[in-house]
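Asks: Residue numbers (numbering that gives the first Met the number 0): 0 to 760.
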Amino acid sequence: MAIIGKPINRVDALLKVTGAAKYAAEFNQPNMVYAFPVRSTIAKGSVSAIDSSAAEKSAGVIKILTPENAPQLKAIDPKVKTGGMLGEQLLPLQDNLVYYFGQYIALVVAETYEQARAAASLVKVNYSKEKHAIDLNTELPNGYKPQKVQGEDAQVNEGKTAPVIDATANKISYTYTTPTENHHPMEPHASIAVWEGSDKLTLYDSTQGVMGARGTLAYHFSLTPENVQIVSPYVGGGFGCKGSQWGHMLLAAMAAKLVQRPVKLAITRQMMQTNVGRRPATQQKMAMATDDKGMLTAIRHHTDSYGNKSDFFEPSGKQTAVLYNAPLREITYKIAKLNIGTPTYMRAPGETPGTFALESAIDEMAYKMKMDPVAFRVLNHTAEDPSKKHPFSSENLLDCYTIGSEKIGWQQRKAEPGQLRKGKQLIGYGVATATYPAGRSAASAKVQLRADGSVIVQSATQDIGTGTYTIIAQTASETLGIPVEKITVKIGDSSFPPAPVSGGSMTTASVNPAVMAAAEMVRKELLALATADTGSSLKGRRLEDIGYADGHFFVTADKTTVDSYADIMRRNNKNIVEACTTAMPASGSGLGAPTAPCMEAPIDKEENSDKEKYSFHSFGAQFAEVWVDEDFGTIRVKRFVSVQDVGRIMNEKTARSQIIGGVIYGIGAALMEETAYDHRWANPATRTLADYHVPVNLDVPDIGVHFIGKPDPHISPIGARGIGEIGTTGVSAAIANAVFNATGKRLRDLPFTPDKMLLKS
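#1: So what does DSSP say about E624, is it helix, strand or coil?
#2: Quick one: is H678 buried, meaning 16 or more other Cβ sit within 10 Å of its Cβ, or exposed?
#3: Tell me which same chain residues have a C-beta within less than 6 Å of the C-beta of A592, skipping the five on either side of it?
#4: Just curious, the alpha helix (DSSP H) that G726 is in, first and last residue?
#5: What is the rounded straight-line gap between the Cα of A356 and the Cα of Q410?
#6: D603 by DSSP, collapsed to three states: which one?
#7: If you drop the 5 nearest sequence neighbours on each side, which residues of the same chain put their C-beta closer than 6 Å to that of L757?
#8: Going by C-alpha to C-alpha distance, which of I486, Q272, K256 and L670 sits closest to P187?
#9: Could you check which residue in E350, V377 and G276 has the C-alpha nearest to that of N766?
#10: Would you list, in sequence order, the uninterrupted alpha helix (DSSP H) runs of no fewer than 4 residues that lie entirely inside the region 448-522?
#11: Just to confirm the assignment: which complete alpha helix (DSSP H) runs, minimum length 4, are found wholly within the region 36-94?
#12: Tell me, please, whether the region 417-429 touches the region 615-634 by the rule of three or more beta-carbon pairs shorter than 8 Å.
#13: When DSSP labels each residue in this structure, what does P753 get in the three-state scheme?
#14: Looking at the unbroken beta strand (DSSP E) that takes in Y126, where does it start and where does it end?
#15: For the candidate residues N27, A118 and E113, whose alpha-carbon lies nearest to that of A53?
#16: Going straight from the alpha carbon of L397 to that of H380, what length do you get?
#17: Quick one: what's got a C-beta closer than 6 Å to I702's C-beta in the same chain, skipping five residues either side?
#18: Pull the bridge partners of L135 from the DSSP assignment, please.
#19: Give me, in chain order, the residues of the same chain whose beta-carbon lies closer than 7 Å to that of K73; leave out the 5 immediate sequence neighbours on both sides.
#20: Run through DSSP, which three-state label would A12 get?
#21: Whose C-alpha, out of G316, V695, T267 and T302, is nearest the C-alpha of Y435?
#22: Can you tell me the Cα-Cα spacing of A105 and R278, whole angstroms?
#23: When you compare the region 508-521 with the region 535-553, are there three or more beta-carbon pairs, one atom per stretch, that lie closer than 8 Å?
#24: What is the DSSP secondary structure of I702, reduced to helix, strand or coil?
#25: Drop a sphere of 10 angstroms on the beta-carbon of N650, count the other beta-carbons inside from all chains shown, and report buried for 16 or more, exposed for fewer.
#26: What does a CB cutoff of less than 6 Å around S588 pick up in its chain, not counting 5 residues either side in sequence?
#27: Should L327 and T160 be called a contact, given that it needs their Cβ atoms to be closer than 8 Å?
#28: Can S392 and T580 be called in contact, C-beta distance under 8 Å?
#29: Quick check: what's the CA-CA separation for I330 versus V32?
#30: Between which two residues does the alpha helix (DSSP H) holding Q657 run?
#31: Since M287 and L295 should fall inside the 8 Å C-beta cutoff, what is the C-beta to C-beta distance between them, to a whole number of angstroms?
#32: Apply the 10 Å Cβ neighbour rule to A675 and answer buried if 16 or more other Cβ atoms are within range, or exposed otherwise.
#33: Tell me where the beta strand (DSSP E) around Q410 begins and ends.
#34: From the DSSP output, in three-state form, read off I734 for me.
#35: Among the candidates N696, T478, A472 and S563, whose CA atom is the shortest distance from the CA of S458?
#36: Determine, using beta carbons only, whether I463 and S501 come nearer to each other than 8 Å.
Below is the structure:
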């Protein structure tokens with residue numbers, strides 16, 4: 000019954016390809032109406048007057064919500080832990096202040112979507128406009144230096160690297176920039192709000208965290224959490240923007256409460272550019288020095304970026320704290336406040352732009368020292384976290400370099416740029432290191448074994464397109480010894496046992512240990528019944544002598560001595576054997592890892608006692624082969640190899656798809672993705688997928704994915720770490736380094752559009 004790791008098909012595949020899988024906007028309700036927002040056309044100031052008279056006379060209009068008549072929400076209190084996380088510290092329609100272009104300032108509710116949208120266009124708004132801040136360089140002098148980043152010091156060793164770097168000839172110092180980027184999952188955000196009376200709310204929502212959404216809505220509407228249910232069985236991608244709670248879900252609930260009918264609010268692709276977060280632009284100043292042998296002596300990484308109505312900023316120095324054996328590293332930040340929609344988490348926040356800067360600089364340092372880029376990384380490799388002085392819980396990065404070099408054909412690479420070509424195409428090879436923290440939080444799961452041999456697994460986690468349904472089924476199948484076909488996984492509902500947000504690449508490491516523990520409890524209870532049952536052939540047998548598979552127990556030394564789960568339950572008058580447990584992220588090795596009864600609500604933060612012993616990270620190596628047209632400056636990624644050390648692989652097929660998706664994400668960031676703003680109005684000039692370019696099939700090369708596959712003995716009984724984000728880290732740097740190897744031109748500003756190839760040396 001060894002099924003974990005096997006490349007089985009997704010258990011939800013048939014539902015998705017036949018259209019039976021229901022997404023948030025598809026849970027239409029009886030007597031449902033539609034809402035459409037009115038958005039600000041200025042970036043800073045206040046609304047002085049709203050004239051909705053024409054809109055109110057428009058066909059089908061039921062209600063228009065403004066700050067004058069909108070339900071009042073409980074105010075934001077940073078001291079209150081709701082279990083959720085607002086994407087911005089801004090509640091909709093609670094006052095008349097405007098902080099960015101496109102901010103929600105009113106809401107039209109009508110009988111049909113078309114009527115709501117048409118009426119919204121008729122709402123007239125007068126503003127008291129103020130001068131907005133839009134340019135990062137202009138506003139940085141007035142910026143601030145944050146003291147913390149994700150609980151750690153944000154200003155590390157400020158000013159201490161200058162004497163070391165200045166004193167050596169073996170040094171580099173460059174600035175690398177990344178633009179504002181937007182998420183754009185295939186499924187835009189959508190919410191359907193349904194009230195039962197005045198104190199019970201159900202919200203069908205596209206979210207990465209049903210428990211967090213429950214806590215946020217319960218708090219702001221002054222409800223008990225048990226009276227709020229969030230339903231999100233399928234999510235068409237999230238990438239971070241669906242990990243927080245945004246204004247549209249609050250608006251849907253406000254409108255439904257006011258009109259006393261179910262309300263659907265589905266935001267448009269244009270609103271995805273303004274209202275649900277983005278990756279902010281960064282300017283990263285990198286400097287480093289080595290001794291004469293090429294050993295790093297100091298690394299300096301300073302990030303300038305921007306924020307708005309939250310404390311979030313892009314933590315681009317995170318990987319610089321854990322990679323390479325430099326005795327001194329300086330990591331600092333400065334943040335400006337701009338009138339742009341609030342930044343938020345976007346796939347591998349910090350590491351994605353941060354590895355571009357760090358790994359490009361590492362390549363430049365290697366070239367200056369006349370060293371092979373892989374050899375330079377190997378020379379400066381570290382097996383322990385250089386900041387915390389803890390060993391990594393499991394680390395096989397050197398193997399990633401070796402395998403990747405072989406698979407990409409690194410031996411063909413020439414040390415001097417511009418030496419390989421095919422006709423007008425210049426060919427180059429590049430490498431970069433990938434890394435991402437390995438997180439784990441407490442999670443609960445319930446497992447029910449039924450008399451007919453079927454199994455139901457419940458947990459308030461969510462599948463954001465990554466394959467969570469499938470690997471939960473595999474975990475339950477292997478632990479119980481029951482075929483996957485008999486496992487039904489129910490997730491995406493806050494009424495199930497609580498689990499954390501599907502973000503930070505921690506779902507697998509958090510939820511699957513809970514599923515395993517609950518399934519093991521069911522199996523042990525069933526086995527105890529059998530060995531105590533006079534009607535069983537296993538009566539009186541020692542537990543350690545009994546195996547299990549295909550819904551049966553058997554004596555391992557005599558596999559003809561068997562007893563089926565169904566017969567055991569029938570003889571003991573059991574229709575269901577079930578267990579619900581919480582797996583705790585502490586002392587995680589082995590099946591003896593701590594568990595507890597199912598918790599009532601998610602634990603606010605990760606608590607892992609092994610963090611005092613080990614540093615939990617995943618690692619990988621990214622290798623790119625690029626072809627650059629010497630006449631037109633167009634860059635084509637012809638081949639890509641990604642080798643990942645992410646612990647145990649739960650499903651080879653879905654894991655490979657995850658890494659391929661991450662690499663494609665990185666190719667988009669490297670070659671085309673950018674949100675541009677019209678500085679006159681502070682509105683995004685890239686408004687749709689016609690303007691905001693992402694890779695399509697012809698842009699994507701053959702991507703070879705390889706896993707080390709060694710279980711992490713310390714993160715959990717499963718031994719798996721998350722893989723949702725590491726696949727995109729290092730990709731843009733590997734491409735940049737390959738372009739330099741092909742052409743001799745060093746590109747330090749994303750994205751690498753042809754104009755930069757032609758105009759920059």
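Each residue gets a CB set at the ideal place from its N, CA and C atoms; glycine is no exception.
Replies: Based on what the coordinates show:
#1: Against the sequence shown, residue 624 aligns to sequence position 625. In the structure shown, E624 sits in a strand (DSSP, three-state: E or B).
#2: As a working mapping, residue 678 is identified with position 679 in the sequence shown. H678 is classed as exposed because its beta carbon has fewer than 16 other beta carbons within 10 Å across all chains shown.
#3: Indexing the sequence shown from 1 puts residue 592 at position 593. Residue placement at A592 is poorly supported in this model, since its pLDDT is 49, which falls under 50; the coordinates are not used for a value here.
#4: Residue 726 sits at position 727 when you count from the first residue of the sequence shown. Looking at the DSSP string, G726 is not in any alpha helix (DSSP H), and its letter there is neither H nor E.
#5: Walking along the sequence shown from the start, residue 356 turns up at place 357. Walking along the sequence shown from the start, residue 410 turns up at place 411. The alpha-carbon atoms of A356 and Q410 are separated by roughly 25 Å.
#6: If you number the sequence shown from 1, residue 603 lands on position 604. Caution applies to D603, whose pLDDT of 48 falls short of 50 and renders its modelled position unreliable; the value that the coordinates give is listed next. D603 carries a coil assignment under DSSP once its states are collapsed to helix, strand and coil.
#7: By 1-based counting over the sequence shown, the position of residue 757 is 758. When the five nearest sequence neighbours on each side are left out, the beta carbons in the same chain lying within less than 6 Å of the beta carbon of L757 are those of G632, in order along the chain.
#8: Here residue 187 refers to the residue found at position 188 when the sequence shown is read from its first residue. Per the Cα distances, Q272.
#9: The displayed coordinates of the chain run from 0 to 760. Any statement about residue 766 would go beyond what the structure contains.
#10: Given a length threshold of 4 residues, each whole run of the alpha helix (DSSP H) inside the region 448-522 is given here in chain order: 467-479.
#11: The region 36-94 contains these whole alpha helix (DSSP H) runs: 52-55.
#12: Counting Cβ pairs under 8 Å, three or more are found: they touch.
#13: Here residue 753 refers to the residue found at position 754 when the sequence shown is read from its first residue. In this structure, P753 counts as helix in the three-state DSSP scheme.
#14: Position 127 of the sequence shown, counted from the start, is the residue given in the question as residue 126. Where Y126 is concerned, the enclosing beta strand (DSSP E) stretches over K123 to K128.
#15: To locate residue 53, count along the sequence shown from 1; it is residue 54. A53 has its Cα closest to that of A118, out of N27, A118 and E113.
#16: Along the sequence shown, one-based indexing puts residue 397 at 398. Along the sequence shown, one-based indexing puts residue 380 at 381. When rounded, the distance between both Cα atoms is 8 Å.
#17: Against the sequence shown, residue 702 aligns to sequence position 703. Excluding sequence neighbours, I702 sits near F639, I659 and V662.
#18: For the purposes of this step, residue 135 is taken as residue 136 along the sequence shown, with counting starting at 1. In DSSP, L135 forms no bridge with anything.
#19: Numbered from its first residue, the sequence shown carries residue 73 at position 74. The residues Y218, H219 and S221, in chain order, have a CB closer than 7 Å to that of K73 in the same chain once the five nearest residues on each side in sequence are set aside.
#20: Residue mapping note: residue 12 aligns to position 13 of the sequence shown, counting from 1. If DSSP states are grouped into helix, strand and coil, A12 belongs with the helices.
#21: Indexing the sequence shown from 1 puts residue 435 at position 436. Nearest of G316, V695, T267 and T302 to Y435, Cα basis: G316.
#22: Within the sequence shown, residue 105 is the residue found at index 106, counting from 1. Within the sequence shown, residue 278 is the residue found at index 279, counting from 1. When rounded, the separation of the alpha-carbon atoms in A105 and R278 is 26 Å.
#23: Contact between the region 508-521 and the region 535-553 is absent: fewer than 3 CB-CB pairs across the two stretches fall below 8 Å.
#24: Counting from 1 along the sequence shown, the entry for residue 702 is found at position 703. DSSP places I702 in strand when its eight states are reduced to three.
#25: Here residue 650 corresponds to residue number 651 of the sequence shown, with the count starting at 1. By the 10 Å Cβ count, N650 comes out buried.
#26: Reading the sequence shown from its first residue, position 589 is the one you call residue 588. For S588, the predicted model reports a pLDDT of 37, less than 50, meaning its position is unreliable and no value from the coordinates is stated.
#27: As a working note, residue 327 is residue 328 in the sequence shown. As a working note, residue 160 is residue 161 in the sequence shown. Between L327 and T160, the gap from beta carbon to beta carbon is short of 8 Å.
#28: Taking the first residue of the sequence shown as position 1, residue 392 is located at position 393. Taking the first residue of the sequence shown as position 1, residue 580 is located at position 581. No, the Cβ-Cβ distance between S392 and T580 is not below 8 Å.
#29: In the sequence shown, residue 330 corresponds to position 331, counting from 1. In the sequence shown, residue 32 corresponds to position 33, counting from 1. So the alpha carbons of these two residues sit roughly 51 Å apart.
#30: Position 658 of the sequence shown, counted from the first residue, corresponds to residue 657. Q657 -> alpha helix (DSSP H) spans E651 to L670.
#31: On the sequence shown, residue 287 is found 288 positions in, with the first residue counted as 1. On the sequence shown, residue 295 is found 296 positions in, with the first residue counted as 1. Going by Cβ atoms, the distance from M287 to L295 rounds to 6 Å, so yes, they are a contact pair.
#32: Within the sequence shown, residue 675 is the residue found at index 676, counting from 1. The residue is exposed, with fewer than 16 neighbouring Cβ atoms inside 10 Å.
#33: Here residue 410 corresponds to residue number 411 of the sequence shown, with the count starting at 1. First-last for Q410: undefined, no H or E at that position.
#34: On the sequence shown, residue 734 is found 735 positions in, with the first residue counted as 1. I734 falls in the helix class under three-state DSSP.
#35: For the purposes of this step, residue 458 is identified with residue 459 of the sequence shown, where counting begins at 1. The shortest Cα separation from S458 among N696, T478, A472 and S563 belongs to A472.
#36: Locating residue 463 in the sequence shown gives position 464, where the first residue counts as 1. Locating residue 501 in the sequence shown gives position 502, where the first residue counts as 1. For I463 and S501, yes; Cβs fall inside 8 Å.
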